[in-house]
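Trainee:
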Amino acid sequence: HRLGANLQFSFSGYHMRSERQELPDETFRQLVQQAPDVDLLRRDPDGTRYIFEPDPQGVTPNPLYELVTSRDDENRARSLASTDLRWSPVGWVSIDGNLSYDRSDRLTSFYFPRGRNTNVASWQDGVVHRGNGLTTALNGSVSTQFRGSWRDLSTRLTLRALTEKEDYEFFSARSSGLTVEGVPDLNAGTIQTVSGSTQEIAAQGYFALTNFDYRGRYIADALVRRDGSSLFGPEERWHTYYRGSAAWRMAEEPWWTFDAIDEFKLRYSVGTAGGRPSYGDRFETYSFTDGGGLVKQTLGNRFLKPERATEHEMGLDAIIRNRVSVQLSHARVRTEDQLIAIPLPAGFGFSSQWQNAGTVEGRTWEATVEAGVIQRPGLQWTLGMVADRSRHEITEFNRRCFRTGTGSAFFRCEGETLGTMYGTRFLRSAAELPEGTPANQFQTNDDGLLVWVGEGGNWRNHQWGTNASGLGASYGWGLPILAVDETGSSAVSRIGDSNPNFNWGLSSNVQWGNLSLYTLMNAQVGGEVYNRTNQRMYQYFDSGDTDQAGRPEELKKTTDYYTVLYASNLINEWFVEPADYMKLREVSLRFRVPQGGLDRLGRVGIDGLTLFVIGRNLFTWSAYSGYDPEVGTPLQRIDDFVYPQFRTLTTGLEIRF
Numbered sequence: 145h146r147l148g149a150n151l152q153f154s155f156s157g158y159h160m161r162s163e164r165q166e167l168p169d170e171t172f173r174q175l176v177q178q179a180p181d182v183d184l185l186r187r188d189p190d191g192t193r194y195i196f197e198p199d200p201q202g203v204t205p206n207p208l209y210e211l212v213t214s215r216d217d218e219n220r221a222r223s224l225a226s227t228d229l230r231w232s233p234v235g236w237v238s239i240d241g242n243l244s245y246d247r248s249d250r251l252t253s254f255y256f257p258r259g260r261n262t263n264v265a266s267w268q269d270g271v272v273h274r275g276n277g278l279t280t281a282l283n284g285s286v287s288t289q290f291r292g293s294w295r296d297l298s299t300r301l302t303l304r305a306l307t308e309k310e311d312y313e314f315f316s317a318r319s320s321g322l323t324v325e326g327v328p329d330l331n332a333g334t335i336q337t338v339s340g341s342t343q344e345i346a347a348q349g350y351f352a353l354t355n356f357d358y359r360g361r362y363i364a365d366a367l368v369r370r371d372g373s374s375l376f377g378p379e380e381r382w383h384t385y386y387r388g389s390a391a392w393r394m395a396e397e398p399w400w401t402f403d404a405i406d407e408f409k410l411r412y413s414v415g416t417a418g419g420r421p422s423y424g425d426r427f428e429t430y431s432f433t434d435g436g437g438l439v440k441q442t443l444g445n446r447f448l449k450p451e452r453a454t455e456h457e458m459g460l461d462a463i464i465r466n467r468v469s470v471q472l473s474h475a476r477v478r479t480e481d482q483l484i485a486i487p488l489p490a491g492f493g494f495s496s497q498w499q500n501a502g503t504v505e506g507r508t509w510e511a512t513v514e515a516g517v518i519q520r521p522g523l524q525w526t527l528g529m530v531a532d533r534s535r536h537e538i539t540e541f542n543r544r545c546f547r548t549g550t551g552s553a554f555f556r557c558e559g560e561t562l563g564t565m566y567g568t569r570f571l572r573s574a575a576e577l578p579e580g581t582p583a584n585q586f587q588t589n590d591d592g593l594l595v596w597v598g599e600g601g602n603w604r605n606h607q608w609g610t611n612a613s614g615l616g617a618s619y620g621w622g623l624p625i626l627a628v629d630e631t632g633s634s635a636v637s638r639i640g641d642s643n644p645n646f647n648w649g650l651s652s653n654v655q656w657g658n659l660s661l662y663t664l665m666n667a668q669v670g671g672e673v674y675n676r677t678n679q680r681m682y683q684y685f686d687s688g689d690t691d692q693a694g695r696p697e698e699l700k701k702t703t704d705y706y707t708v709l710y711a712s713n714l715i716n717e718w719f720v721e722p723a724d725y726m727k728l729r730e731v732s733l734r735f736r737v738p739q740g741g742l743d744r745l746g747r748v749g750i751d752g753l754t755l756f757v758i759g760r761n762l763f764t765w766s767a768y769s770g771y772d773p774e775v776g777t778p779l780q781r782i783d784d785f786v787y788p789q790f791r792t793l794t795t796g797l798e799i800r801f
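Be aware that the sequence shown starts at 145, since it is given in my numbering, and climbs by one per residue.
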């Protein structure tokens, strides 16, 4: 809204309320671990719609039982408000101010009634839980922009200051040992506990940004920023960052003679950024015991500072015959002072401390090509392709090396490539046996694993239960053999790599009259994923791998065989699988109603009408035995009962007034 010739004002607001019934945390795990031949829909003897324990082995309860006997609700409300003011006293100066407010309310409630079956000890006599959370954020900024030009040079300078304030409060109450049935009230319990937490985060920043454009050929910009945050340690409150970039549009030079190349630009940029610590990382923390005592948890760090990443990127952009565009980029990133929870010796009394430890260097190559395959009146077809490859290595780590991640599958150590998996492995060759062990008593079976078969034996002869003697170690007939180190403990070695060789994507957009069709595919080539879901299934022989039905008699294995491979749930090479995949990410079909069809609707102010159907995550092609190889993070591909991605189909109508 214009308040005057040089003054503009705008305001926006948003409010949302939602209600959602949550699934219990273990629903997917419980479903997957059910035996394939049990009836989950059978009624329970206590009268509940679904049976509590459909499997006589009692491995895990029926997730449907918990869904119908418990109630887990979450109510959310979100309110946003923002106002902007711009004053332009003269044509080459503008002053902008912004003030925004964000409030998020969350109310959670959980009820599990008394008298129902459960395998959760704290729910035996029923439980009621209530939680109330509130987050508010107030942000403000003011900036001044100066614009100018002199002959063929255009320039702009922006000065800006900002402040941020965020407050978080959460309170919860829990009551267990309910004395009556059917009353979800906190007063109905005999054991009552309360907990709460508060957080206050404040930040300020100042920056100056300038850019230059000379004749549309030489482009440069530079930025300096000063950041302060309460998340940093008291001795490291303020840090300075910068960015600079330059580009040369060679095709705009008068000496450029390549008429087929309409755009040819070289570019380079360098910049720094900081990854902030989480709330609480810099503080000394304790936990309460049941008797009210304190237990040391995390040692505080007054010198904790943000991570500092310095990135250099160079690239080339080109457009050929106004139909094909090409982008080539190479980036190198050096991240210093990484934020890591370092395990501490017992003498400190604390289990860990957040420290700035180590440097990671990364490099990325990326190529993008987009081509207008068909450009005709009424018909256009555009194809796009992108490919990239990245690697990150810990180049400095002035701390003791330690294992981390799910199942301690990864190492924090100098020289390690992020994403490399470590674990135990099984022998596959007689050459790996301890010195002096008679190799003629061992064979490689149909799984490619080395097994003991005895003098003159064969792994097909089914001598299960026979044990070796006098070989200096214990070997069971036909059973896999774990590699051990010089102390006799399971040897830890490299067993896999989450990093793909490269990723690629392909997009297609066809516009035919009022009809458009968009398709997106992408793929990962190389890389590996750890299937811990399947490993857990080995524990109770519910994995398809352990099913011996239909196998030739000589290839059948015993339960002991799969128990050895399960290895007490230790990370081991047997469950590392290829993570290659190709996905049909999206298909979108849109139809725009012709103008002639809108004439009848013009009376109600409708200016445009579009019908659409969008499908996402439609198909996955992969050799992975699990549900989806794209699990975890790109640098930690661990499938540990991860709920598979949804396939979604959306239809809708867009109306433009």
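All C-beta atoms in this analysis are idealised placements derived from N, C-alpha and C, irrespective of residue type, glycine included.
Quick check on this structure: which residue in V786, T777, T754 has the alpha carbon closest to the alpha carbon of T795?
Mentor: Working through the sequence shown from its first residue, we reach residue 795 at position 651. Selected option, being the one with the closest Cα: T754.
Trainee: Among the residues of its own chain, which have a CB less than 6 Å from the CB of G776, if the five just before and after it don't count?
Mentor: In the sequence shown, counting from the first residue as 1, residue 776 sits at position 632. Closer than 6 Å at the Cβ level, and outside the excluded window around G776, lie I782.
Trainee: Below 7 Å CB to CB, which residues in the same chain sit around W267 once its five sequence neighbours on both sides are set aside?
Mentor: The residue given as residue 267 occupies position 123 in the sequence shown. Cβ neighbours of W267 beyond the five flanking positions: F256.
Trainee: Throw me the rounded Cβ distance for the L571 and I639 pair, which I believe falls under 8 Å.
Mentor: Within the sequence shown, residue 571 is the residue found at index 427, counting from 1. Within the sequence shown, residue 639 is the residue found at index 495, counting from 1. That belief does not hold up - the Cβ atoms of L571 and I639 are roughly 14 Å apart, past 8 Å.
Trainee: Indicate whether V673 and E721 have their beta-carbon atoms separated by less than 8 Å.
Mentor: Numbered from its first residue, the sequence shown carries residue 673 at position 529. Numbered from its first residue, the sequence shown carries residue 721 at position 577. Yes. Within cutoff.
Trainee: Roughly how many angstroms separate the alpha carbons of N242 and R304, rounded to a whole number?
Mentor: Taking the sequence shown and counting its residues from 1, one reaches residue 242 at position 98. Taking the sequence shown and counting its residues from 1, one reaches residue 304 at position 160. Roughly 11 Å separates the two Cα atoms.
Trainee: Once DSSP output is grouped into helix, strand and coil, what is the label at D704?
Mentor: Counted from its first residue, the sequence shown places residue 704 at position 560. In the structure shown, D704 sits in a helix (DSSP, three-state: H, G or I).
Trainee: Hey, is the stretch 685–702 in contact with the stretch 559–569, meaning 3+ C-beta pairs nearer than 8 Å?
Mentor: Too few Cβ pairs lie closer than 8 Å, so no.
Trainee: Relative to the C-alpha of L184, which residue among Y194, E558, E380, T631 is closest?
Mentor: As a first step, residue 184 must be located in the sequence shown, where it is residue number 40. Per the Cα distances, Y194.
Trainee: Please list the terminal residues of the continuous beta strand (DSSP E) segment that includes F735.
Mentor: Numbered from 1 along the sequence shown, position 591 holds the residue referred to as residue 735. Segment 725–736, the beta strand (DSSP E) holding F735.
Trainee: Just how far apart, CA to CA, sit Y386 and Q482?
Mentor: For the purposes of this step, residue 386 is taken as residue 242 along the sequence shown, with counting starting at 1. For the purposes of this step, residue 482 is taken as residue 338 along the sequence shown, with counting starting at 1. Going from the Cα of Y386 to the Cα of Q482 covers about 19 Å.
Trainee: Taking the straight line between their C-alpha atoms, what separation do you get for R186 and W509?
Mentor: Counting from 1 along the sequence shown, the entry for residue 186 is found at position 42. Counting from 1 along the sequence shown, the entry for residue 509 is found at position 365. Each residue's alpha carbon lies about 55 Å from the other.
Trainee: Would you be able to state if there are at least three C-beta pairs under 8 Å between the stretch 709–718 and the stretch 636–652?
Mentor: They touch, by the three-pair rule.
Trainee: How long is the line joining the alpha carbons of L664 and R734, rounded to whole angstroms?
Mentor: Working through the sequence shown from its first residue, we reach residue 664 at position 520. Working through the sequence shown from its first residue, we reach residue 734 at position 590. Whole-angstrom Cα-Cα distance: 15 Å.
Trainee: Got a sec? Which residues, its chain only, sit under 6 Å from N761 by beta carbon, not counting five neighbours each side?
Mentor: Translated into the one-based positions of the sequence shown, residue 761 becomes position 617. The answer, listed in chain order, is Q789, R791.
Trainee: Nearest-angstrom Cα distance between T764 and S652?
Mentor: Residue mapping note: residue 764 aligns to position 620 of the sequence shown, counting from 1. Residue mapping note: residue 652 aligns to position 508 of the sequence shown, counting from 1. Rounded to whole angstroms, T764 to S652 spans 18 Å at the Cα level.
Trainee: Look at the alpha carbon of I750 and the alpha carbon of L797, and state the distance between them as a whole number of angstroms.
Mentor: Along the sequence shown, read from residue 1 onward, the residue named residue 750 stands at position 606. Along the sequence shown, read from residue 1 onward, the residue named residue 797 stands at position 653. Cα to Cα, the separation comes out at about 13 Å.
Trainee: Taking all protein chains shown into account, decide if N611 is buried (16 or more other Cβ within 10 angstroms of its Cβ) or exposed.
Mentor: Residue mapping note: residue 611 aligns to position 467 of the sequence shown, counting from 1. N611 is exposed by the Cβ-count criterion.
Trainee: Beta carbon of S232, beta carbon of N150: below 8 Å?
Mentor: Numbered from 1 along the sequence shown, position 88 holds the residue referred to as residue 232. Numbered from 1 along the sequence shown, position 6 holds the residue referred to as residue 150. The answer is yes: Cβ separation under 8 Å.
Trainee: Here's the rule: buried if 16 or more other CB atoms are within 10 angstroms of the residue's CB, otherwise exposed. What is H159?
Mentor: The sequence position of residue 159 within the sequence shown is 15, counting from 1. So H159 counts as exposed.
Trainee: Can you round the beta-carbon distance between A635 and A627 to whole angstroms, since I take them to be within the 8 Å contact cut?
Mentor: Start at 1 with the first residue of the sequence shown, and residue 635 comes out as number 491. Start at 1 with the first residue of the sequence shown, and residue 627 comes out as number 483. About 4 Å separates the two Cβ atoms, so the contact holds.
Trainee: What residue range is occupied by the uninterrupted beta strand (DSSP E) comprising N678?
Mentor: Position 534 of the sequence shown, counting from 1, holds the residue named residue 678. It is not in any beta strand (DSSP E) - N678 instead sits in the alpha helix (DSSP H) that spans 676–683.
Trainee: Decide yes or no for the touch test of the stretch 291–302 against the stretch 215–233: beta carbon pairs closer than 8 Å, at least 3 of them.
Mentor: No, the stretch 291–302 is not in contact with the stretch 215–233.
Trainee: Who pairs with K309 in a beta bridge, going by DSSP?
Mentor: For this step, residue 309 is matched to residue 165 along the sequence shown. Answer by DSSP bridge pairing, in chain order: L282, A346.
Trainee: Tell me the rounded alpha-carbon separation between R467 and E407.
Mentor: Counted from its first residue, the sequence shown places residue 467 at position 323. Counted from its first residue, the sequence shown places residue 407 at position 263. When rounded, the distance between both Cα atoms is 11 Å.
Trainee: P207 lies in the alpha helix (DSSP H); which residues open and close that run?
Mentor: For the purposes of this step, residue 207 is identified with residue 63 of the sequence shown, where counting begins at 1. Unbroken alpha helix (DSSP H) run through P207: 207–213.
Trainee: Buried or exposed: where does P773 fall if 16 or more other Cβ atoms within 10 Å of its Cβ makes it buried?
Mentor: Position 629 of the sequence shown, counting from 1, holds the residue named residue 773. Its Cβ being crowded by 16 or more others within 10 Å, P773 is buried.
Trainee: Taking the straight line between their C-alpha atoms, what separation do you get for W603 and L594?
Mentor: Within the sequence shown, residue 603 is the residue found at index 459, counting from 1. Within the sequence shown, residue 594 is the residue found at index 450, counting from 1. Taking the straight line joining both Cα atoms gives about 10 Å.
Trainee: Mapping the DSSP letters down to three states, classify W392 as helix, strand or coil.
Mentor: Here residue 392 is taken as the residue at index 248 of the sequence shown, counted from 1. If DSSP states are grouped into helix, strand and coil, W392 belongs with the strands.
Trainee: At which residues does the beta strand (DSSP E) containing Q655 begin and terminate?
Mentor: Here residue 655 is taken as the residue at index 511 of the sequence shown, counted from 1. First-last of the beta strand (DSSP E) with Q655: 646–656.
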